[in-house]
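Presented below is the structure to which this report refers.
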Amino acid sequence: MNKVKGRTNKGSWFSLVSITLILIIWKFASLIIDADIILPPPEIVIKSLINIITKKNFSDRVLNTLFRGLAGFTISYISGIILGLCSGLSSRCKFLLQPITSIIRSTPVISIILLALIWFKNSNVPIFVGFLMSFPIIYGNVVEGISTVDKVLLEMANIYKIKLKTQIISIYLPSLVPFILAGASLSLGVVWKSVIAAEVLSQPKWGIGTSLNEAKSFLITEEVLAWTFIAILLSVLTEHLFRLIHYLIQGKNYGHSFK
Amino acid sequence: MDIHLSNINFKYNNLIIFDGLNLNIPKGKVTAILGPSGCGKTTLLNLISGVIKPDSGTIDYPETQILSYIFQEPRLLPWKNVSENINYVLGNISRDKRDERIHHYLEKMELVKFSNYYPRELSGGMKQRVSIARAFAYPSNTILMDEPFKGLDLNLKLNLFKLFDEIWKEDQRTAIFVTHDIHEALLLGDQIVVFSNRPVKIRRKFDNTTPYNERTLQNSSILQLEKELYTLLS
Numbered sequence: 001m002n003k004v005k006g007r008t009n010k011g012s013w014f015s016l017v018s019i020t021l022i023l024i025i026w027k028f029a030s031l032i033i034d035a036d037i038i039l040p041p042p043e044i045v046i047k048s049l050i051n052i053i054t055k056k057n058f059s060d061r062v063l064n065t066l067f068r069g070l071a072g073f074t075i076s077y078i079s080g081i082i083l084g085l086c087s088g089l090s091s092r093c094k095f096l097l098q099p100i101t102s103i104i105r106s107t108p109v110i111s112i113i114l115l116a117l118i119w120f121k122n123s124n125v126p127i128f129v130g131f132l133m134s135f136p137i138i139y140g141n142v143v144e145g146i147s148t149v150d151k152v153l154l155e156m157a158n159i160y161k162i163k164l165k166t167q168i169i170s171i172y173l174p175s176l177v178p179f180i181l182a183g184a185s186l187s188l189g190v191v192w193k194s195v196i197a198a199e200v201l202s203q204p205k206w207g208i209g210t211s212l213n214e215a216k217s218f219l220i221t222e223e224v225l226a227w228t229f230i231a232i233l234l235s236v237l238t239e240h241l242f243r244l245i246h247y248l249i250q251g252k253n254y255g256h257s258f259k
Numbered sequence: 001m002d003i004h005l006s007n008i009n010f011k012y013n014n015l016i017i018f019d020g021l022n023l024n025i026p027k028g029k030v031t032a033i034l035g036p037s038g039c040g041k042t043t044l045l046n047l048i049s050g051v052i053k054p055d056s057g058t059i060d061y062p063e064t065q066i067l068s069y070i071f072q073e074p075r076l077l078p079w080k081n082v083s084e085n086i087n088y089v090l091g092n093i094s095r096d097k098r099d100e101r102i103h104h105y106l107e108k109m110e111l112v113k114f115s116n117y118y119p120r121e122l123s124g125g126m127k128q129r130v131s132i133a134r135a136f137a138y139p140s141n142t143i144l145m146d147e148p149f150k151g152l153d154l155n156l157k158l159n160l161f162k163l164f165d166e167i168w169k170e171d172q173r174t175a176i177f178v179t180h181d182i183h184e185a186l187l188l189g190d191q192i193v194v195f196s197n198r199p200v201k202i203r204r205k206f207d208n209t210t211p212y213n214e215r216t217l218q219n220s221s222i223l224q225l226e227k228e229l230y231t232l233l234s
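Chains as they are written, first to last, in the numbering used here: chain A, 1 to 259; chain B, 1 to 234.
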């Protein structure tokens with residue numbers, strides 16, 4: 001136990017070393033370039049970050065992006081699970097959805113954003129884009145998960161005349177938890193990236209993307225970097241929160257942790 | 001009413017498994033099907049349970065046949081505890097009667113203390129006991145058993161046989177028990193049907209008239225039957 005703990009501590013030291021190295025290189029690079037407009041030094045970015053956070057409309061900007069991201073994610077999460085289950089249970093449904101998911105997967109994000117700009121109200125564009133980018137990930141994971149569901153348990157349930165609805169709730173869904181969890185944490189990262197990119201182009205009133213674009217327009221590079229840092233933080237925090245929620249649900253309902 | 005299979009033909013990937021099989025499974029008795037591994041014993045259970053259909057021939061069932069199954073592996077849901085696993089198959093029984101039923105069969109299988117345990121916390125033998133409790137708690141009139149004692153050590157097996165007999169004689173459901181182990185067939189089967197290799201023919205049928213509580217491997221009639229079975233199979 002101690003050995004493992006020691007190893008983990010050693011590991012986190014390395015992360016700290018890496019962060020310090022980045023800051024040192026960054027500082028030196030900014031000294032060499034000597035133009036804040038191209039690469040401002042870390043302390044200016046930190047100052048700008050504090051400035052942004054203390055401004056009174058900071059929460060409006062972040063909460064709007066948070067809402068859009070979570071809305072897109074929730075829609076894709078629910079529809080991904082439902083449609084994934086349909087495809088996993090019926091090959092017709094799978095073949096029906098295959099071209100659609102393939103198209104979404106291989107369409108460039110920018111094309112989706114531009115089309116959404118034509119089709120939707122500005123503030124809804126990021127939600128749509130976030131949904132479309134994360135849907136294939138959750139959907140794909142659910143379909144893959146279904147193929148790994150223990151066939152002998154299904155055979156048992158059929159012999160004991162368990163209804164399909166009960167089988168879905170009691171056999172399919174619990175077996176899918178690790179796949180849904182993996183798909184969700186993968187897609188959360190994609191959601192924030194695409195939502196913010198969509199905000200940059202669609203310019204809703206409040207949003208991290210809108211703020212990024214404003215900073216870029218006025219060539220305030222330290223603000224671009226500060227907002228980027230906020231976006232990274234948002235992504236990391238929501239992913240951790242999501243893992244925690246899933247962990248709690250899993251532990252409570254299934255009495256054991258999955259592989 | 002007995003289960004009666006007449007003139008059953010069944011092919012699997014051009015492999016003839018049954019070629020005109022006739023078999024009568026008497027009501028309220030344990031029929032042991034003894035045969036070499038892979039000869040088609042599980043296929044017989046699948047035919048009886050209706051999971052697969054014969055190419056030709058008929059299977060006559062009692063009018064209200066309800067089946068339960070004890071599989072080779074326990075097949076318990078890993079995310080449900082022992083009583084939840086049994087409760088899972090009791091959807092047709094009213095809620096207030098379910099707990100009583102679960103408790104009764106757990107008691108019979110000496111599992112009451114473990115009702116809140118998850119399968120991963122149980123030994124192989126205990127899991128199989130849960131599987132047996134589940135099969136009996138399910139309101140069936142026929143029980144199919146596919147080598148449920150395979151891989152368990154002898155002591156555990158003998159103890160399980162005892163528990164099985166106690167639970168079985170309560171309502172004497174028709175049981176079809178597939179095995180490749182002569183001793184299991186001798187100790188549990190009221191009727192022992194010996195299968196040949198594919199295509200399956202019934203080599204012989206034995207009636208095991210020794211009452212259950214006298215069936216030991218030292219009993220003279222059991223020994224005599226054992227000798228006959230060995231002669232037939234060697």
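We treat Cβ as the ideally placed atom computed from N, Cα and C, and that holds for glycine. All values derive from a computational prediction rather than experimental measurement.
(1) Flag V4 (chain A) as yes if its beta-carbon sits less than 9 Å from any beta-carbon of chain B, otherwise no.
(2) Please compile the residues from chain B whose C-beta is within a distance smaller than 8 Å of the C-beta of S87 (chain A).
(3) According to DSSP, simplified to helix, strand and coil, what is Q191 (chain B)?
(4) Does the CB of Y69 (chain B) have a neighbour CB from chain A at under 9 Å?
(5) Using a Cβ-Cβ cut-off of 9 Å, state whether E147 (chain B) counts as contacting chain A.
(6) Can you give me the Cβ contacts of M145 (chain B) inside the same chain, cut-off strictly under 6 Å, excluding the 5 residues immediately before and after it?
(7) Any C-beta of chain B within less than 8 Å: which residues of the segment 162–187 of chain A qualify?
(8) Please report the straight-line C-alpha distance between G69 (chain A) and S49 (chain B), rounded to a whole angstrom.
(9) Pair every Cβ in the segment 54–71 of chain B with every Cβ in the segment 1–8 of chain B, then say whether three or more of these pairs are closer than 8 Å.
(10) Pick from A:L244, A:L31, A:S91, A:I110: whose alpha carbon is nearest that of E144 (chain A)?
(11) For I38 (chain A) versus T221 (chain A), is the C-beta spacing smaller than 9 Å?
(12) Rounded to the nearest angstrom, what separates L223 (chain B) and L233 (chain B) at their Cα positions?
(13) In the DSSP assignment, the alpha helix (DSSP H) including F164 (chain B) goes from what residue to what residue?
(14) I want to see whether chain A comes within less than 9 Å of G91 (chain B), judged by CB atoms only; does it?
(15) Taking DSSP's pairing of strands, which residues face S68 (chain B) in a bridge?
(16) Would Y12 (chain B) be called buried (16 or more neighbouring beta carbons within 10 Å of its own) or exposed?
(17) Counting C-beta neighbours from all protein chains within 10 Å, is the total for F164 (chain B) 16 or more, i.e. buried, or is it exposed?
(18) Output needed in chain order: residues of the segment 40–72 of chain A with a Cβ under 9 Å from some Cβ in chain E.
(19) Starting from N24 (chain B) and walking both ways along the alpha helix (DSSP H), at which residues does that stretch end?
(20) Ordered along the chain, which non-local residues of its own chain (more than five positions away) have a Cβ less than 8 Å from that of W26 (chain A)?
(21) So, do the segment 214–234 of chain A and the segment 173–189 of chain A have three or more beta carbon pairs nearer to each other than 8 Å?
(22) Taking Cβ positions, are A133 (chain B) and L106 (chain B) nearer each other than 9 Å?
(23) Terminal residues of the continuous alpha helix (DSSP H) containing T74 (chain A)?
(24) Taking 9 Å as the CB-CB limit, is Y88 (chain B) close to chain A?
(25) Is the CB of V51 (chain B) under 9 Å away from at least one CB in chain A?
(26) What distance in whole Å lies between the Cβ atoms of L67 (chain B) and T179 (chain B), which are believed to be in contact at a cut-off of 8 Å?
(27) Note down the Cα distance separating G11 (chain A) from R243 (chain A), rounded to an integer number of angstroms.
(28) D193 (chain A) by DSSP, collapsed to three states: which one?
(29) Mind checking which residues open and close the beta strand (DSSP E) that includes Y12 (chain B)?
(30) Can you find a CB in chain A that lies within less than 9 Å of the CB of K80 (chain B)?
(31) Can you tell which of B:H103, B:S196, B:S221 has its C-alpha closest to the C-alpha of S37 (chain B)?
(32) What does a CB cutoff of less than 6 Å around L154 (chain A) pick up in its chain, not counting 5 residues either side in sequence?
So, from the listed chains and residues:
(1) Confidence in V4 (chain A) is poor, its pLDDT being 46 and thus under 50, which makes the residue's placement too unreliable to answer from.
(2) Residues of chain B passing the Cβ test: none, with the nearest at roughly 23 Å.
(3) strand
(4) yes
(5) no
(6) I70, F177
(7) I162, K163, T166, S170, I171, P174
(8) 51 Å
(9) yes
(10) A:S91
(11) yes
(12) 15 Å
(13) 154–171
(14) yes
(15) B:I143
(16) exposed
(17) buried
(18) Reference to chain E is not applicable here, since the protein chains of this structure are A and B.
(19) Per DSSP, N24 (chain B) belongs to no alpha helix (DSSP H); it is in the beta strand (DSSP E), 15–25.
(20) L39, P41, P42
(21) no
(22) yes
(23) 58–89
(24) yes
(25) yes
(26) Actually they do not touch by this definition, with Cβ atoms about 18 Å apart.
(27) 21 Å
(28) Asp is not the amino acid found at residue 193 (chain A); the sequence shown has Lys there. The answer is helix: DSSP assigns K193 (chain A) an H, G or I state.
(29) 3–12
(30) yes
(31) B:S196
(32) none
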